[in-house]
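Quick notes on the structure that follows.
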Amino acid sequence: MAKKKKASRAEAVREAVDQAFKTQVQRERISGVLDEIGNTAGRLRGAVDELRPASEAEIKELRAEIETLRSDVAALRARVEPLEAKPKPKPRPKPAAAKGTAAKRAGAAKSSAAKPAAAKRARKSPPANN
């Protein structure tokens, strides 16, 4: 008979452990399901917020912001229009380019003047014996 009591105690402990594990598994499942429900509710709330029309206060804020932007654009236009209306000055020739052209002309005059002189020298000098 003593064995029956021990067996019943051991059996009672096993049943208690099984029941605790079953309860724990159910709690984990319930917790997971509740988390999913909470996440879904958050996404649904966000979707509904995007779909709802703007409130009167939001529309007033948007109108005030548009008026501010209009005045900023008008101020910028007032600054830019005078700059665009001024005629652009004609580009001046570069001084270095003008000097280079004059130097080329002077060099050409010198070389043409040097040619007759060189020809005269060549006539006067006797031929070299090689």
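The opening position of the sequence shown corresponds to residue 208 in the numbering used here, with each subsequent residue numbered one higher. For every residue, glycine included, the Cβ atom is placed at its ideal position computed from N, Cα and C.
DSSP state of residue i, grouped into three classes?
i, result
"K229", "helix"
"K293", "coil"
"K301", "coil"
"S278", "helix"
"S262", "coil"
Should residue i be flagged as near chain B, meaning a C-beta pair shorter than 7 Å?
i, result
"R259", "No chain B appears in the structure shown, which is made up of a single protein chain."
Alpha carbon to alpha carbon, how far is residue i from residue j?
i, j, result
"R252", "A264", "20 Å"
"R277", "A261", "22 Å"
"G239", "T247", "12 Å"
"A294", "R286", "According to the sequence shown, residue 294 is Pro rather than Ala. Roughly 16 Å separates the two Cα atoms."
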